[in-house]
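J.: Count along the sequence shown from 1, then add 450; that gives the number in our numbering.
What follows is a single structure, and I will ask about it in a moment.
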Amino acid sequence: MKIKLTQNKDLKRFFNKKSLNSFLTSFILELLAIAFWTIAFKVDFESYGMQLLIGFTGVILITLSILTRYIDSVFYSDNILLNRLLLANNSYWNKFGLNILWISPILFFIFKQFYLFKNITLNIKDNNELSDIDLDKYLKVFQNDAFDRFINKNLRLNTSEIAISGILMGIFVIVTYITRLTLAKFIGLNFEYVFYIIFAYLFRYFKGTFLAIASDILILLITGRLGTWYWAYALVPIMVVIYSSVFFDVFEKNKTVSVIYSNLALIAAFISLTVVFIFQAQAAAGLNGKIKISQVFGLRSISLWVGILLMILAAISLIITWILTFLFFKKQKEQLLYYVISFALATSVVVFVRWIWGPYAFIKYYMYLGRFPSNFDVKSKYIAVMIPIIIKSLVAVPLYTYLLTSLIHPLKLLKHKFLIVKSSYGY
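Take a look at the structure:
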């Protein structure tokens, strides 16, 4: 059975979506590559290695873009050779378009939409009807089930995921932009972390990381602050997404194990904080056991006894978690499970990323900008920067917990309805 593409709406829709998805994937990858190369060559880095890494990332992105178009070209060429697709006019122009024009995403897309598709006929063997076959499987060139499962789960975006990603990125930009214009930024509220956790819940490791990085770069572009990009802060979305993805993987597999894991993660976070604090405090201790601190809170100096405050915060956090854990095991209510997961995740993310990594990133960034004197280093000033960050973040933890607890159930429904049931069209 032979069906001309232009004479069948379903067939035309299939090829148009496949072509559009390939074009968007390739085009977005090229834009990201250009952005990375711009950063690599326009921003002064403190080390040549970091500049080389950013530039190499751009090379990887452009390679993936080219590979996407090449695979698309092979799809048509091989199916034509196998007589699954028939060309009404197998002219030099068709060969030129399939073999040469794929180098350019725009030219290849135009070639397919306005020339190739007008000359294609689907050749269905064994006298089957179009409704009896799966076009994805019938026209498939590369046959590897394990590879396909990996691609579909971790890299392939279906149409629902694309739509939801776009909406989330739009909300991310609006909320982040408003936050930076209000007093929220002065009290340590950073809703970017909440969005990174949401990305992790909906899309997990690879797709969630890609979306977090893209959102981070997008807000820098929109606010005209691309020149302020710095590797230490660029790692934050990656760390939050990967860490949160592990949390949610455990959460979805076993509720009891997820509660235990939440407690262990929180304990590990505060043990890490204590170790880092003690190590840095010993390096930073000056005259009379005092640590100089910035004028953020109008204080000139603060004693190393601030470590006691950290222990109190750790004790309060662990007690809250243990109470919620006890209530969950006693009542077995799903809402209590959400509280345990949300509180442990929000607190541990803030501890690891904001309290431990944050001071290091802040100091390295300001040293990179040249705003600190030459004798300013991480070891001597880590605690001085760490204390204001911790105090300013105290309001954030309960707010993040409330938001995540409120959002988990709606996100669960959203994921089940639109993301678990995969669309047949994706890229």
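Where a beta carbon is used, it is the ideal one built from N, C-alpha and C, also for glycine.
So the candidates are 774, 635, 661; which of them puts its Cα closest to the Cα of residue 605?
T.: The shortest C-alpha separation from residue 605 is found at 661.
J.: Could you have a look at residue 571 and say whether DSSP puts it in helix, strand or coil?
T.: It is a strand residue.
J.: Got a sec, what are the start and stop residues for the alpha helix (DSSP H) residue 454 sits in?
T.: Unbroken run through residue 454 is the beta strand (DSSP E), 452-454; no alpha helix (DSSP H).
J.: Output the distance between the C-alpha atoms of residue 748 and residue 838, rounded to the nearest integer angstrom.
T.: With a pLDDT of only 39 at residue 748, under the threshold of 50, the placement of this residue in the model should not be trusted; the figure read from the coordinates follows. Distance between the alpha carbons of residue 748 and residue 838 is about 11 Å.
J.: In its own chain, which residues sit with a C-beta less than 6 Å from the C-beta of residue 659, not counting the 5 before and 5 after it?
T.: Within the same chain, residue 659 has close Cβ partners 688, 691.
J.: Taking the alpha-carbon of residue 560 as reference, which of 834, 519, 695, 761 has the nearest alpha-carbon?
T.: With distances taken between Cα atoms, residue 560 lies closest to 519.
J.: Give a yes or no on whether the C-beta atoms belonging to residue 572 and residue 618 are separated by under 8 Å.
T.: In this structure, residue 618 does not lie closer than 8 Å to residue 572 by Cβ.
J.: So, for residue 654: in the same chain, excluding its five sequence neighbours on each side, which residues have a beta-carbon less than 7 Å away from its beta-carbon?
T.: Closer than 7 Å at Cβ, skipping near neighbours: 695.
J.: Just the C-alpha distance for residue 693 and residue 719, rounded to the nearest angstrom, thanks.
T.: If you take the alpha carbons of residue 693 and residue 719, they lie about 12 Å apart.
J.: Residues in the same chain with beta-carbon distance under 6 Å from residue 853, minus the five sequence neighbours each way, listed in chain order, please.
T.: Correct list, in chain order: 644.
J.: Go to residue 479, then tell me how far its alpha helix (DSSP H) extends in each direction, as first and last residue.
T.: Note, residue 479: alpha helix (DSSP H), 459-492.
J.: Determine the direct distance from the alpha carbon of residue 563 to that of residue 879, and round the result to whole angstroms.
T.: Summary: the structure shown does not reach residue 879, with the chain confined to residues 451 through 877, and so no result is reported for it.
J.: Around the Cβ of residue 797, are there at least 16 other Cβ atoms within 10 angstroms (buried) or fewer (exposed)?
T.: Buried, by the Cβ-count rule.
J.: Are residue 652 and residue 867 close, meaning C-beta to C-beta below 8 Å?
T.: Not a contact, by the Cβ cut-off of 8 Å.
J.: I'd like the span of the beta strand (DSSP E) that includes residue 537, first residue to last.
T.: 535-537 is the span of the beta strand (DSSP E), which, as asked, contains residue 537.
J.: Rounded to whole angstroms, what's the CA-CA distance from residue 776 to residue 782? Just pull it up for me.
T.: Approximately 10 Å between the Cα atoms of the pair.
J.: So residue 804 is in the alpha helix (DSSP H); what residue range does that whole segment cover?
T.: Run containing residue 804: none; DSSP gives neither H nor E here.
J.: Any chance the stretch 664-684 sits against the stretch 719-732, with 3 or more Cβ pairs inside 8 Å?
T.: Touching, no, given that fewer than three Cβ pairs across the two stretches are closer than 8 Å.
J.: With DSSP as the reference, label residue 608 as helix, strand or coil.
T.: The answer is strand: DSSP assigns residue 608 an E or B state.
J.: Quick check: what's the CA-CA separation for residue 509 versus residue 475?
T.: Each residue's Cα considered, the two are about 16 Å apart.
J.: Do the stretch 523-530 and the stretch 473-489 touch if we need at least three Cβ pairs shorter than 8 Å?
T.: Output reads no: the stretch 473-489 does not touch the stretch 523-530.
J.: Give me, in chain order, the residues of the same chain whose beta-carbon lies closer than 7 Å to that of residue 668; leave out the 5 immediate sequence neighbours on both sides.
T.: Cβ neighbours of residue 668 beyond the five flanking positions: 619, 623.
J.: Going straight from the alpha carbon of residue 526 to that of residue 471, what length do you get?
T.: Distance between the alpha carbons of residue 526 and residue 471: 15 Å.
J.: Which word fits residue 831, buried or exposed, when buried means at least 16 other C-beta atoms lie within 10 angstroms of its C-beta?
T.: Residue 831 should be labelled buried.
J.: What's the C-alpha gap between residue 758 and residue 840?
T.: The alpha-carbon atoms of residue 758 and residue 840 are separated by roughly 13 Å.
J.: Near residue 462, what residues of its chain come up, given a Cβ to Cβ distance below 6 Å and the 5 sequence neighbours on each side ignored?
T.: These residues qualify, in order along the chain: 455.
J.: If you measure between the beta carbons of residue 458 and residue 589, is that distance less than 8 Å?
T.: Not closer than 8 Å, so no.
J.: In the DSSP assignment, the alpha helix (DSSP H) including residue 843 goes from what residue to what residue?
T.: Unbroken alpha helix (DSSP H) run through residue 843: 828-843.
J.: Buried or exposed: residue 911, going by 16 or more other Cβ atoms within 10 Å of its Cβ?
T.: Outside the shown range of the chain (451 to 877) lies residue 911, about which nothing can therefore be said.
J.: Count the CB pairs spanning the stretch 701-716 and the stretch 788-804 that are closer than 8 Å, and state whether there are at least three.
T.: In short, these stretches touch, since the Cβ pair count reaches three.
J.: Rounded to whole angstroms, what is the Cα-Cα separation between residue 833 and residue 801?
T.: Roughly 14 Å separates the two Cα atoms.
J.: In the structure shown, what three-state DSSP assignment does residue 528 receive?
T.: Correct three-state label for residue 528: helix.
J.: Once DSSP output is grouped into helix, strand and coil, what is the label at residue 789?
T.: Helix, per DSSP.
J.: Could you work out which residue in 492, 502, 538, 555 is closest to residue 522 when comparing CA atoms only?
T.: Cα-wise, what sits closest to residue 522 is 555.
J.: If you run the structure through DSSP and keep just helix, strand and coil, what is residue 783?
T.: Residue 783 falls in the coil class under three-state DSSP.
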